[in-house]
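Just so we're aligned: 302 in this note's numbering is position 292 of the sequence shown, and the numbers increase by one with no gaps anywhere. Glycine is no exception: its CB is placed at the ideal position from the N, C-alpha and C atoms. Remember, it's a predicted structure, so these values are computed and weren't measured experimentally. Step one of this worksheet: look at the structure below.
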Amino acid sequence: MTPPQHGSFEQRGQNAPAGNRQVEGRFGFMFKDLDPFSPPDELLRSLAATMQQPAPNPVTQFDNPDTPAGYTFFGQFVDHDLTFDPVSQLGKEQDPKGLKNFRTPVYDLDSVYAGGPRVTPRLYDGAKLRLDHHDGLEDLPRKDDGAADIGDPRNEENAIIHQLQIAFIKFHNAVVDHVAASGTPAGELFAEAQQLALRHYQWAVLTDFVPRICGQDVVDSVLKKATGNAPIRADLRSYKPKKVPFMPVEFSVAAYRFGHSQIRPGYKLTDTTGGVFFQPEASETNLNGFRPLHPSRLLHWQHFFDIPGSTTVPQRSMRIDSKISFPLFHLPFGGPPASLAERNLLRGKALRLPSGQAVARAMGFQPLSNAALGMSDDQGWDGQAPLWFYVLKEAELQHGGTRLGEVGALIVAETLVGLLAQNRDTFFRLDPGWKPVPPIAASEGTFGVGDLLAFATRS
Ligand code: HEM
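Structure follows, in structure tokens:
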């Protein structure tokens, strides 16, 4: 089978002309008046090379004490729910308005539900999503060519997001049982369960994931408190869609790729098993994806999240900093370059991102100089840094890599909270007073990713 390619940039060419930065498509600019930053490719490649952590890593030194390792993959999962650019080409400047976002920038879990039971009935068994079995384990349904039959093929890209996809399917199915037990008629089960599952997911993003990454203070500065039954609103300084919500390239091509620095070179899966994250060739003991689940890659969630009732302390994610784990310099899919750091930096240039300092200034922050960021004084930088690198180094300098710094946090919080506020179908608009309650939540108003997994896997 030919595995689907994550971020497969040469799959389809797109000759979008560089044009007006004011226009919004599904992708658009948050900072429409800033100039693109276009340093020479050679400089970007040499910066990428400095970002590799030595192998083998002195792992614990780079551990983020505040964040269990599973949030890296929850972050990747949220990314796949909201954004996908399979068409832009590296080495060619591109206008984001000409890019199509193949995911809706909406928290609708289209990566899990695909088209729903009417449009994609093969993925469903009544109101429930279908799971198959492989090697005695519950696994994703597969097509004839062996590829997982799921809403977003990227959710099988590594063994951990693969199992998160299974967990979300099980969460939906557990919610179906829950609403059925409360007497919901069969014909309404799917819609009722889907709405409830989506609200819990959105709640976990808002109250567990975003504060952990950006800081509760930044989330509070972006959220406007609801009064009565009025929709919850966001106070957005930089992300201001003109008509419909779009995916800002400053988020998808730079700030939100902070997650790449959280990835560990390897993971403990259970009390007795572990695996190297990626290797050029798939083996039983590495976590390369796009293949059926195998007992050697089966994980226990208590090693990834704080799970209610478990005393296991989960391994940590890596700090958000300018160092990237060595397996990500040898990606086992897509065309060259095999280095994710190099791809991110070249992609930022191809999509005509402004520099980190320009964005900091536009947000009203005092920019960090290239010397402070530890960059070379090569004239080609023109005293500026690529936005992705700036966001990573800023997190390192301002918070020791435990969370994003001021520029990165505001881009991420404004986008993630802004999309919740601007989409018509979230509880922000539909039911602003809604709160998760037991038995799905541990207690009223408390629901994080650990609770979601506990409910999904309850027997
Ligand atoms: C866990 C393993 C991960 C791998 C192997 C991975 C790999 C990749 C690759 C190869 C690309 C395309 C790069 C390019 O050519 O431009 C990409 C894009 C991206 N990644 Fe990751 N990634 C991972 C995790 C994450 C995490 C944890 C986050 C955020 C929390 C993240 C955020 C993104 C974003 C926002 C994009 C752009 C998506 C789009 O619009 O197409 N990734 N990733």
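Chain-order list of residues whose beta-carbon lies under 8 angstroms from that of residue i (same chain, five-residue window excluded)
i, result
"residue 234", "242, 243, 244, 245"
"residue 143", "149"
"residue 220", "229, 422, 423, 426, 427"
"residue 280", "308, 309, 310, 313"
"residue 215", "88, 117, 426, 430"
"residue 248", "40, 41, 372, 373, 420, 421, 424"
"residue 278", "284, 313, 325"
"residue 252", "34"
Cα-Cα separation, residue i to residue j
i, j, result
"residue 390", "residue 396", "12 angstroms"
"residue 464", "residue 53", "47 angstroms"
"residue 441", "residue 434", "11 angstroms"
"residue 213", "residue 265", "22 angstroms"
"residue 335", "residue 271", "7 angstroms"
"residue 63", "residue 333", "6 angstroms"
"residue 411", "residue 405", "5 angstroms"
"residue 24", "residue 456", "Confidence at residue 24 is low in this model, with a pLDDT of 28, below 50, so the placement of that residue is unreliable and no value is reported for it."
"residue 56", "residue 296", "28 angstroms"
"residue 352", "residue 164", "20 angstroms"
"residue 13", "residue 375", "Because the pLDDT at residue 13 is just 42, under 50, the model does not fix this residue reliably, and the point stays unresolved."
"residue 128", "residue 195", "18 angstroms"
"residue 217", "residue 329", "21 angstroms"
"residue 350", "residue 339", "6 angstroms"
"residue 282", "residue 158", "27 angstroms"
"residue 17", "residue 354", "Here the model assigns residue 17 a pLDDT of 42, short of 50, so the residue's position is not dependable, and the following value carries that caveat. Their backbone Cα atoms lie some 11 angstroms apart in a straight line."
"residue 35", "residue 93", "13 angstroms"
"residue 169", "residue 145", "15 angstroms"
"residue 381", "residue 76", "28 angstroms"
"residue 72", "residue 400", "19 angstroms"
Same chain, Cβ closer than 6 angstroms to residue i, five either side skipped, listed in chain order
i, result
"residue 162", "90, 121"
"residue 468", "none"
"residue 80", "314, 315"
"residue 116", "433"
"residue 370", "377, 417"
"residue 173", "309"
"residue 260", "40, 421"
"residue 415", "404, 405, 408"
Same chain only: Cβ atoms within 7 angstroms of residue i, ignoring 5 sequence neighbours per side
i, result
"residue 203", "137, 182, 185, 186, 189"
"residue 460", "315, 316, 317, 318"
"residue 452", "318, 461"
"residue 324", "78, 79, 80, 312, 313, 314, 315, 316"
"residue 31", "39, 42"
"residue 134", "127, 140"
Range of the contiguous beta strand (DSSP E) that encloses residue i
i, result
"residue 286", "284-286"
"residue 231", "No beta strand (DSSP E) contains residue 231, which is instead part of the alpha helix (DSSP H) from 226-232."
"residue 128", "Per DSSP, residue 128 belongs to no beta strand (DSSP E); it is in the alpha helix (DSSP H), 126-129."
"residue 276", "276-278"
"residue 147", "147-149"
"residue 524", "With the chain covering 11 to 469 only, the question about residue 524 has no answer from this structure."
Extent of the continuous alpha helix (DSSP H) to which residue i belongs
i, result
"residue 144", "Looking at the DSSP string, residue 144 is not in any alpha helix (DSSP H); the run it does join, the beta strand (DSSP E), is 142-144."
"residue 359", "350-360"
"residue 439", "437-440"
"residue 90", "80-92"
"residue 215", "Counting along the chain, residue 215 falls outside any alpha helix (DSSP H), and DSSP gives it neither H nor E."
"residue 425", "416-432"
"residue 293", "It is not in any alpha helix (DSSP H) - residue 293 carries neither H nor E in the DSSP assignment."
"residue 122", "120-123"
Nearest-angstrom Cβ-Cβ length linking residue i and residue j, presumed shorter than 8 angstroms
i, j, result
"residue 384", "residue 166", "Their Cβ separation, rounded to whole angstroms, is 37 angstroms, which puts residue 384 and residue 166 out of contact at 8 angstroms."
"residue 177", "residue 372", "Residue 177 to residue 372, Cβ: 39 angstroms. No contact."
"residue 276", "residue 269", "That pair is no contact at about 17 angstroms."
"residue 398", "residue 209", "Incorrect: roughly 32 angstroms between the Cβ atoms, too far for contact."
"residue 337", "residue 288", "4 angstroms"
"residue 305", "residue 147", "7 angstroms"
"residue 327", "residue 82", "5 angstroms"
"residue 360", "residue 44", "In fact, because the Cβ distance is near 16 angstroms, the residues do not count as touching under 8 angstroms."
"residue 439", "residue 225", "Actually they do not touch by this definition, with Cβ atoms about 25 angstroms apart."
"residue 239", "residue 393", "Contact doesn't hold; Cβ gap of about 51 angstroms is too wide."
Residues bridged to residue i (per DSSP)
i, result
"residue 334", "62"
"residue 134", "139"
"residue 196", "The partner list for residue 196 (beta bridge, DSSP) is empty, contrary to what the question assumes."
"residue 267", "Answer is none; residue 267 lacks a bridge partner."
"residue 37", "257"
"residue 158", "152"
"residue 328", "73"
"residue 298", "168"
"residue 456", "453"
"residue 365", "396"
"residue 244", "233"
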